[in-house]
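In terms of my numbering, the sequence shown is numbered consecutively and its last residue is 147.
All residues carry an ideal CB built from backbone N, CA and C; glycine is no exception.
Keep in mind the model is a prediction, meaning the values are calculated, not measured.
These notes concern the structure reproduced below.
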Amino acid sequence: MRYAYGVTTALLLGGATLSLATGLPAGAQVAQNEQSAMTRAVPRAGAPASFADLTDQLAPAVVNISTRQRVKVQNQNPFAGTPFADLFGGGQQQGPTTREAQSLGSGFIISADGYVVTNNHVIVADGRGEVESITVTMPDGNEFPA
Numbered sequence: 002m003r004y005a006y007g008v009t010t011a012l013l014l015g016g017a018t019l020s021l022a023t024g025l026p027a028g029a030q031v032a033q034n035e036q037s038a039m040t041r042a043v044p045r046a047g048a049p050a051s052f053a054d055l056t057d058q059l060a061p062a063v064v065n066i067s068t069r070q071r072v073k074v075q076n077q078n079p080f081a082g083t084p085f086a087d088l089f090g091g092g093q094q095q096g097p098t099t100r101e102a103q104s105l106g107s108g109f110i111i112s113a114d115g116y117v118v119t120n121n122h123v124i125v126a127d128g129r130g131e132v133e134s135i136t137v138t139m140p141d142g143n144e145f146p147a
């Protein structure tokens, strides 16, 4: 046991002596940051100077798209078809089998004759019903059926 303390002490003293002799702390490194030349990006000719300018320029082409659809409603009673159905509302009248659902999304006008691009999930029913109507609302509030 004494031998281990002697070896540890000798290593620590040797490391401290080496550190003092070389002028650097043992194991430490000094970080050197190079000065990099800062370059300023210049926008292309005709490009907006900022994101706000781009937004102002493109905002009139952004439209709101809403759909209405009838979707099938599944039985809400988890005990239907079991002996517990009568105890937990199985004898009551069932509600409607369909309900009206709405979806909402955005799109962009891409041509002068009114073609609009949007995501597919905005205008397609989710498999439980069929889309009854699609309405495109312009930034000025005008609505058009699609």
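Rounded straight-line distance, which links the Cα of T56 to that of R41: 22 Å
Throw me the rounded Cβ distance for the S134 and R69 pair, which I believe falls under 8 Å. 5 Å
Identity of the residues DSSP links to V117 by a beta bridge: I110
How should G108 be labelled, buried or exposed, when 16 other C-beta atoms within 10 angstroms of its C-beta is the threshold for buried? Its Cβ being crowded by 16 or more others within 10 Å, G108 is buried.
For V132 and I124, the rounded distance between their alpha carbons: 7 Å
Residue from S67, L19, P79, Y4 with nearest C-alpha to V117: S67
Give the DSSP bridge partners of S134, in chain order. R69
Beta-carbon gap between A126 and V137 smaller than 8 Å: no
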